[in-house]
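Input: a single structure, listed below in structure tokens.
Number of protein chains: 2
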Amino acid sequence: MGNRTERLLAIRNIISSQKVSSQEELLDLLEKKGLNYTQATLSRDLKFLKVNKISDMEKGYIYELPDQHHIPGHELAESYAAQGFVSIQFANKLGIIKTLPGYAPSIASLIDKVNPFEIVGTLAGDDTILIVPHDNVTEKDIINTLIIIIPELKDKIK
Amino acid sequence: MGNRTERLLAIRNIISSQKVSSQEELLDLLEKKGLNYTQATLSRDLKFLKVNKISDMEKGYIYELPDQHHIPGHELAESYAAQGFVSIQFANKLGIIKTLPGYAPSIASLIDKVNPFEIVGTLAGDDTILIVPHDNVTEKDIINTLIIIIPELKDKIK
DNA sequence: ATCATTAATGAATATCTATTCATCATGGGA
DNA sequence: TCCCATGATGAATAGATATTCATTAATGAT
Numbered sequence: 025m026g027n028r029t030e031r032l033l034a035i036r037n038i039i040s041s042q043k044v045s046s047q048e049e050l051l052d053l054l055e056k057k058g059l060n061y062t063q064a065t066l067s068r069d070l071k072f073l074k075v076n077k078i079s080d081m082e083k084g085y086i087y088e089l090p091d092q093h094h095i096p097g098h099e100l101a102e103s104y105a106a107q108g109f110v111s112i113q114f115a116n117k118l119g120i121i122k123t124l125p126g127y128a129p130s131i132a133s134l135i136d137k138v139n140p141f142e143i144v145g146t147l148a149g150d151d152t153i154l155i156v157p158h159d160n161v162t163e164k165d166i167i168n169t170l171i172i173i174i175p176e177l178k179d180k181i182k
Numbered sequence: 025m026g027n028r029t030e031r032l033l034a035i036r037n038i039i040s041s042q043k044v045s046s047q048e049e050l051l052d053l054l055e056k057k058g059l060n061y062t063q064a065t066l067s068r069d070l071k072f073l074k075v076n077k078i079s080d081m082e083k084g085y086i087y088e089l090p091d092q093h094h095i096p097g098h099e100l101a102e103s104y105a106a107q108g109f110v111s112i113q114f115a116n117k118l119g120i121i122k123t124l125p126g127y128a129p130s131i132a133s134l135i136d137k138v139n140p141f142e143i144v145g146t147l148a149g150d151d152t153i154l155i156v157p158h159d160n161v162t163e164k165d166i167i168n169t170l171i172i173i174i175p176e177l178k179d180k181i182k
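If you read the protein sequences in the order shown, they are chains A and B.
One gets the numbering used here by counting positions in the first sequence from 1 and adding 24 to each.
One gets the numbering used here by counting positions in the second sequence from 1 and adding 24 to each.
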């Protein structure tokens with residue numbers, strides 16, 4: 025099946041861009057994207073994606089991607105990584121990040137630690153990182169994911 | 025009256041020290057402390073305390089206090105604060121933190137940002153912080169709370 | 001003191017989420 | 001090719017959580 029992947033990506037996409045507070049609500053949003061599933065499937069997906077439900081002033085509780093938080097030292101690693109980042113380009117479905125000399129391994133390991141669903145794996149040299157995206161993931165998806173992991177990149181990319 | 029506070033503190037205490045994955049489970053744990061309430065009350069308490077439910081490898085989902093995470097720059101502020109901390113002592117139900125000169129305001133503001141239920145408010149001079157605990161909060165509770173906010177203090181206190 | 005207002009709570013219930021059970025499709029072995 | 005194991009899914013249901021409604025206790029105003 026290739027549709028499951030599409031659905032999981034859509035879920036991550038929706039949750040990272042808006043406040044969703046129930047599976048029913050998310051179900052509707054998916055439907056608007058032409059993805060029709062049941063609540064049972066969604067429940068499994070959210071567990072698979074390790075989506076958290078956090079307190080929100082406005083909506084009571086909302087879903088949140090697991091990425092950023094809960095990783096000790098992430099913030100410091102983040103600014104370090106942002107500093108070393110030079111550029112990203114794509115070829116043959118692969119992403120290539122160029123970094124300052126020596127920065128590649130630490131940036132790659134940061135990505136690996138977060139382990140976002142959109143990225144199957146990374147391979148780091150000294151100043152180059154190869155990003156292997158999940159099937160059906162677009163360049164835009166990868167860039168969004170990187171920005172979720174390292175917000176400071178927002179300015180440096182695009 | 026007065027018991028609600030005790031219950032809220034107990035909840036925070038339990039959740040910060042062990043993995044709890046349902047209100048029923050938490051209800052039992054409270055009962056063991058002599059606190060008998062219903063699930064409805066607990067649901068309200070958890071919302072009030074802004075307790076999150078996060079993905080956990082072992083137990084599926086568990087409750088988590090809102091403190092540490094979700095506050096931008098918290099980690100960096102944390103190590104800075106730990107560095108400036110000198111000591112804490114108590115008198116007349118109040119806590120007095122001594123800091124290196126100039127550190128008091130930033131440490132106090134860190135506490136204020138987290139806004140833990142155990143602490144009603146803080147008052148910072150240059151090298152001294154006054155901690156005003158919530159009614160019925162023990163010295164031990166305050167210390168635990170501070171350690172939750174600034175884990176590095178674990179070694180410096182006690 | 002009397003009355004109105006508000007907060008805390010439980011019981012019952014509604015809403016939301018996870019799981020069970022059954023089905024179907026797929027991809028290896030033998 | 002023929003099973004058998006595995007994974008994805010929906011329908012139904014079990015389980016968990018939030019809310020509604022009613023009650024009581026506390027607080028304040030007149």
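For every residue, glycine included, the Cβ atom is placed at its ideal position computed from N, Cα and C.
- Looking at chain A, which residues of the region 132-155 of chain B have a Cβ within less than 9 Å of any of its Cβ atoms? Answer in chain order: no residues at all.
- Item | Test: K57 of chain A CB closer than 7 Å to a CB of chain B | As a first step, residue 57 of chain A must be located in the first sequence, where it is residue number 33. Chain B, which has no Cβ nearer than 7 Å to the Cβ of K57 of chain A, makes this no.
- Message: If you follow the alpha helix (DSSP H) that Q42 of chain B is in, where does it begin and where does it stop?
- Response: Numbered from 1 along the second sequence, position 18 holds the residue referred to as residue 42 of chain B. First-last for Q42 of chain B: undefined, no H or E at that position.
- Hey, is the region 73-82 of chain A in contact with the region 112-120 of chain A, meaning 3+ C-beta pairs nearer than 8 Å? Cβ pair count under 8 Å is below three, so no.
- Do you know offhand how far T162 of chain B's Cα is from L124 of chain B's? Taking the second sequence and counting its residues from 1, the one referred to as residue 162 of chain B is at position 138. Taking the second sequence and counting its residues from 1, the one referred to as residue 124 of chain B is at position 100. Rounded to the nearest angstrom, the two C-alpha atoms are 25 Å apart.
- Message: With a threshold of 8 Å, are at least 3 pairs of Cβ atoms found where one atom belongs to the region 123-138 of chain A and the other to the region 28-46 of chain B?
- Response: no
- Kindly say whether S79 of chain B, judged by its beta-carbon, lies nearer than 7 Å to any beta-carbon of chain A. Counted from its first residue, the second sequence places residue 79 of chain B at position 55. It does; some Cβ of chain A falls within 7 Å.
- Task: Whole angstroms is fine: what's the gap from I39 of chain A's alpha carbon to I86 of chain A's?
- Result: Here residue 39 of chain A is taken as the residue at index 15 of the first sequence, counted from 1. Here residue 86 of chain A is taken as the residue at index 62 of the first sequence, counted from 1. Spanning the two alpha carbons is a distance of roughly 9 Å.
- Proximal residues to I78 of chain B (C-beta, below 6 Å), its chain only, five neighbours per side dropped: Sequence index remark: in the second sequence, residue 78 of chain B carries index 54 (1-based). Hits under 6 Å: E88.
- Query: Which partner residues of N76 of chain B appear in the DSSP bridge assignment?
  - Reply: Start at 1 with the first residue of the second sequence, and residue 76 of chain B comes out as number 52. Note: N76 of chain B sits in a beta bridge opposite B:E88.
- Message: Quick check on N168 of chain A - is its C-beta less than 7 Å from some C-beta in chain B?
- Response: Stepping through the first sequence from its first residue, residue 168 of chain A is reached at position 144. Answer no: the Cβ-Cβ gap between N168 of chain A and chain B never drops below 7 Å.
- Message: Tell me the DSSP secondary structure of G3 of chain A in three-state form.
- Response: Past the boundaries of the shown model lies residue 3 of chain A; chain A is included only from 25 to 182, so the question cannot be answered.
- Task: Measure the alpha-carbon distance for K180 of chain B versus I174 of chain B and round it to whole angstroms.
- Result: By 1-based counting over the second sequence, the position of residue 180 of chain B is 156. By 1-based counting over the second sequence, the position of residue 174 of chain B is 150. Rounded to the nearest angstrom, the two C-alpha atoms are 11 Å apart.
- Message: So K74 of chain A contacts chain B; which residues on that side make the cut at Cβ distance below 7 Å?
- Response: As a position in the first sequence, residue 74 of chain A is number 50, starting the count at 1. Near K74 of chain A (Cβ distances below 7 Å), the residues of chain B are S79.
- Check whether T169 of chain B and P129 of chain B have beta carbons under 7 Å apart: By 1-based counting over the second sequence, the position of residue 169 of chain B is 145. By 1-based counting over the second sequence, the position of residue 129 of chain B is 105. No, Cβ-Cβ distance for T169 of chain B and P129 of chain B is not below 7 Å.
- Could you tell me how far apart the beta carbons of V156 of chain B and L118 of chain B are, in whole angstroms, since I believe they sit closer than 8 Å? Position 132 of the second sequence, counting from 1, holds the residue named residue 156 of chain B. Position 94 of the second sequence, counting from 1, holds the residue named residue 118 of chain B. Between L118 of chain B and V156 of chain B the Cβ distance is about 6 Å, and since that is below 8 Å, they are a contact.
- Note down, in chain order, every chain A residue with its Cβ under 9 Å from the Cβ of K71 of chain B. As a position in the second sequence, residue 71 of chain B is number 47, starting the count at 1. By Cβ distance, chain A contributes S79, G84 and Y85.
- Message: Distance check for E55 of chain A and Q63 of chain A, CA to CA, integer angstroms please.
- Response: Here the question's residue 63 of chain A lines up with position 39 in the first sequence. Here the question's residue 55 of chain A lines up with position 31 in the first sequence. Distance between the alpha carbons of Q63 of chain A and E55 of chain A is about 12 Å.
- Task: Please say whether A34 of chain A and L66 of chain A have beta carbons closer to each other than 7 Å?
- Result: Your numbering for residue 66 of chain A matches position 42 in the first sequence. Your numbering for residue 34 of chain A matches position 10 in the first sequence. No, Cβ-Cβ distance for L66 of chain A and A34 of chain A is not below 7 Å.
- Query: Taking Cβ positions, are D69 of chain A and L32 of chain A nearer each other than 7 Å?
  - Reply: The residue you call residue 69 of chain A lines up with position 45 of the first sequence. The residue you call residue 32 of chain A lines up with position 8 of the first sequence. Yes, Cβ-Cβ distance for D69 of chain A and L32 of chain A is below 7 Å.
- Query: Helix or strand or just coil, what does DSSP make of G108 of chain B?
  - Reply: Looking up residue 108 of chain B in the second sequence gives position 84. Residue state, collapsed to three classes: helix.
- Where does L154 of chain A sit, in a helix, a strand or coil, going by DSSP? Position 130 of the first sequence, counted from the first residue, corresponds to residue 154 of chain A. Three-state result, L154 of chain A: strand.
- Contacts that P90 of chain A makes with chain B (C-beta to C-beta distance below 7 Å): As a first step, residue 90 of chain A must be located in the first sequence, where it is residue number 66. Within 7 Å Cβ-Cβ: S79.
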